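All the letters of the first sequence, read from the start, carry residue numbers 1 to 571 under the working numbering. Glycine included, each C-beta is placed from N, C-alpha and C at the ideal position. Keep in mind the model is a prediction, meaning the values are calculated, not measured.
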Amino acid sequence: MRYSQSFIPTVKETPADAEVISHRLMLRAGMIRKVAAGIYSYLPIGLRAIRKVENIVREEMNRAGANELLMPMVTPAELWEESGRWAQYGPELLRIKDRKDNSFCLGPTHEEVVTDIVRREVRSYRQMPLNLYQIQTKFRDEIRPRFGLMRGREFIMKDAYSFDVDEKGADASYEKMYQAYRRIFARCGLKFRAVEADTGSIGGNWSHEFMVLADSGEDAIVSCNGCDYAANVEKAESKVIESAEHAEPRPLEKVHTPAKKSIEEVSEFLQIHATSTVKMLIVKADEKPVAVLLRGDHELNEIKLKKIIGCDELEMATDEMIASATGATVGFLGPIDQKIRIIADTTVKGMKNFVCGANEVDYHLKNVNLERDFTVSKYADIRNVTHGDQCPRCSGGILEMWRGIEVGHVFKLGLKYSKALNATFLDADGKEQTVFMGCYGIGIGRTVASCIEQNHDENGIIFPLPIAPYHCIISAINPKDEIVSKAAEELYAELLKLGVEVLYDDRDERPGFKFKDADLIGIPLRIVVGAKNLVDGKVELKQRRGGETELLTITDAVSRIDGIVKEALGI
RNA sequence: CGGGGAGUAGCGCAGCCUGGUAGCGCACCUGCCUUGGGAGCAGGGGGUCGCAAGUUCGAAUCUUGUCUCCCCGACCA
1 MRYSQSFIPT
11 VKETPADAEV
21 ISHRLMLRAG
31 MIRKVAAGIY
41 SYLPIGLRAI
51 RKVENIVREE
61 MNRAGANELL
71 MPMVTPAELW
81 EESGRWAQYG
91 PELLRIKDRK
101 DNSFCLGPTH
111 EEVVTDIVRR
121 EVRSYRQMPL
131 NLYQIQTKFR
141 DEIRPRFGLM
151 RGREFIMKDA
161 YSFDVDEKGA
171 DASYEKMYQA
181 YRRIFARCGL
191 KFRAVEADTG
201 SIGGNWSHEF
211 MVLADSGEDA
221 IVSCNGCDYA
231 ANVEKAESKV
241 IESAEHAEPR
251 PLEKVHTPAK
261 KSIEEVSEFL
271 QIHATSTVKM
281 LIVKADEKPV
291 AVLLRGDHEL
301 NEIKLKKIIG
311 CDELEMATDE
321 MIASATGATV
331 GFLGPIDQKI
341 RIIADTTVKG
351 MKNFVCGANE
361 VDYHLKNVNL
371 ERDFTVSKYA
381 DIRNVTHGDQ
391 CPRCSGGILE
401 MWRGIEVGHV
411 FKLGLKYSKA
421 LNATFLDADG
431 KEQTVFMGCY
441 GIGIGRTVAS
451 CIEQNHDENG
461 IIFPLPIAPY
471 HCIISAINPK
481 DEIVSKAAEE
491 LYAELLKLGV
501 EVLYDDRDER
511 PGFKFKDADL
521 IGIPLRIVVG
531 AKNLVDGKVE
541 LKQRRGGETE
551 LLTITDAVSR
561 IDGIVKEALG
571 I
């Protein structure tokens, strides 16, 4: 592609409303433009990067034996009513009506549609295992779209669905996808982790998320430094901390703690460590108040708690509810003399002589002890693990925390949708059975964005070659100079002949201007063709990453580039 | 949905308090000049001031309503 004919609207100034680096760079590099909140147009080089990821995904899915199809984006309400999700999904599902007043929605995911296909067409165990996938635009009316392609409302997703005759088959399909995903993200040049994850509203009972490691990531993940355990914080566990305290219970003591509400304030005021305090939170579980006890420095994990309580809705209680349920105010809550149900984190179980609120403004209690002073309804793991906790799977391993961007998710769905939609088959004995399902998503745009999060410098994007919009850019210094343009044209033609994707900057612009653009859009290889080096018959090859330069003849440059490209693509 | 902020030229912003000619930088167009890191000089084009109603002789500016966008939170494969 000749730059002079291309549409790559780069901008020097940083757009005001772009917060994260990938969003800024994608706007500046002319990859995307916003059309509405969370809705973007993909401009040519943005689209090329997206297509690169799509093709890697397609190749690996096909290699794993999956079949590509394409389902409609607009799907009828009836299917969603059948699965129960029409009522369950909430406002995130964008619902529309046609001229006959029939209800439809824009597909946020396609379990219903694909299961409908399978229940009609698959009748025998001989037709499975089956894996169907598509790469398609999805729509979710997110409450707060942000960070460009990272969390859009409209976004491109690869979604795959597996169908098996039994759980064992489903496990094998899951494992196949898991391995395919590892290959996909490795080929995209990403530093990532596969972590155990909560299944969320999609349902099912087991899942892994593929997380690209990035400080700007919206998810917190932990991994063990001693084994391969890794999990989303929402799900992560740690080894139960055994009581290290064997101290004799000391007499309860009430202390004046004026205006010291937070654990930090109280522990500083009393000159103790936060690990010697216990905090009590009140949550509203399906409209009922429940007290929660945690060691002072620990954080509540609402997802774990929700499962323990077994409620549908869980949120922090309002001040009014706290007052009526405990008779105390936030900052001075304590478990003694409480009437409501108390759930304590397992860590609390071994604690002795700790500090907690006195249920009286400006007072805390010292030397509080379990059983002697109050009782707990239930102990459970209800906290977020923290950096430095012990690994639950191996001995001696320590958990480390990271930030990650979720680019892929694999689920075992089990029978959830096949049962609801009655997708059955006849087994070898002629008996009717329900299909076992799995589903597997990859956010395509998010993968490109997270790749930029991991690969950039102050000058712009540094694309890994497999997903770069072009492999190589030729910057002709003063293309009006015939010697220069002749050499550049020759180079351009030779590279195209070899199948190298090359952007030829033939614009009549000053060198610095061209270099800035080349750096910004992140093309991995740059060849500078200038009169200065052509005197010796040389051109300059510079790699975007690392910045090494070499002076080569045109012929050598062509074969060198061809070699680098083929190696990077694994051809 | 709760809290905060912003809508003025393609982009980034000033002007608003104290009503009266709409302005700056970048980008764009023309010419000259320049060609190894977003050059220089000269000339030029471009804006229903988000939308609507109101106050006023007169509204970008004051009032009310409304829409959109951004940030924090809740929410979310």
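{"Item": "Just to confirm, are residue 370 and residue 356 a CB contact at a threshold of 7 Å?", "Value": "no"}
{"Item": "Out of 125, 464, 272, 81, which one is the CA nearest neighbour of residue 53?", "Value": "464"}
{"Item": "Just the C-alpha distance for residue 257 and residue 334, rounded to the nearest angstrom, thanks.", "Value": "14 Å"}
{"Item": "In three-state DSSP terms, what is residue 216?", "Value": "coil"}
{"Item": "Which runs of the beta strand (DSSP E) spanning at least 3 residues fall entirely within the region 395-462, listed in chain order?", "Value": "399-414, 424-426, 432-434, 436-443"}
{"Item": "Can you tell me where the beta strand (DSSP E) with residue 76 in it begins and where it stops?", "Value": "74-76"}
{"Item": "I'd like to check one pair, residue 425 with residue 162: are the Cβ atoms closer than 7 Å?", "Value": "no"}
{"Item": "Suppose you measure from the CA of residue 516 to the CA of residue 157; what does that come to, to the nearest Å?", "Value": "32 Å"}
{"Item": "Just the C-alpha distance for residue 402 and residue 390, rounded to the nearest angstrom, thanks.", "Value": "16 Å"}
{"Item": "For the region 505-512 against the region 451-462, are there 3 or more C-beta pairs whose distance is under 8 Å?", "Value": "no"}
{"Item": "Going by CA-CA distance only, name the one from 567, 437, 6, 475 that's closest to residue 540.", "Value": "475"}
{"Item": "Rounded to whole angstroms, what is the Cα-Cα separation between residue 527 and residue 466?", "Value": "19 Å"}
{"Item": "Residue 246: buried (16+ other C-beta within 10 angstroms of its C-beta) or exposed?", "Value": "exposed"}
{"Item": "Looking at C-beta atoms only, is the number of pairs between the region 25-43 and the region 140-148 that lie closer than 8 Å three or more?", "Value": "yes"}
{"Item": "Within the same chain, show all residues whose beta-carbon is closer than 6 Å to that of residue 315, passing over the 5 residues directly before and after it, in chain order.", "Value": "284"}
{"Item": "State the Cα-Cα distance for the pair residue 221 and residue 557, rounded to the nearest angstrom.", "Value": "44 Å"}
{"Item": "Taking Cβ to Cβ, would you say residue 468 is nearer than 7 Å to residue 392?", "Value": "no"}
{"Item": "I'd like to know whether the C-beta atoms of residue 141 and residue 213 end up nearer to each other than 7 Å.", "Value": "no"}
{"Item": "Suppose you measure from the CA of residue 66 to the CA of residue 58; what does that come to, to the nearest Å?", "Value": "9 Å"}
{"Item": "Just to confirm my understanding: we take residue 565, look at its own chain, exclude 5 residues before and 5 after, and list those with CB closer than 6 Å. What are they?", "Value": "471, 500"}
{"Item": "Ends of the alpha helix (DSSP H) at residue 374?", "Value": "It is not in any alpha helix (DSSP H) - residue 374 carries neither H nor E in the DSSP assignment."}
{"Item": "What does the Cβ neighbour count give for residue 301, buried or exposed, with the cut at 16 atoms within 10 Å?", "Value": "buried"}
{"Item": "Which two residues bound the contiguous beta strand (DSSP E) that contains residue 550?", "Value": "549-553"}
{"Item": "Let me confirm a value: residue 2 is counted as buried when at least 16 other C-beta atoms fall within 10 Å, else exposed. Which label applies?", "Value": "exposed"}
{"Item": "Return the first residue and the last residue of the alpha helix (DSSP H) that residue 26 is part of.", "Value": "21-28"}
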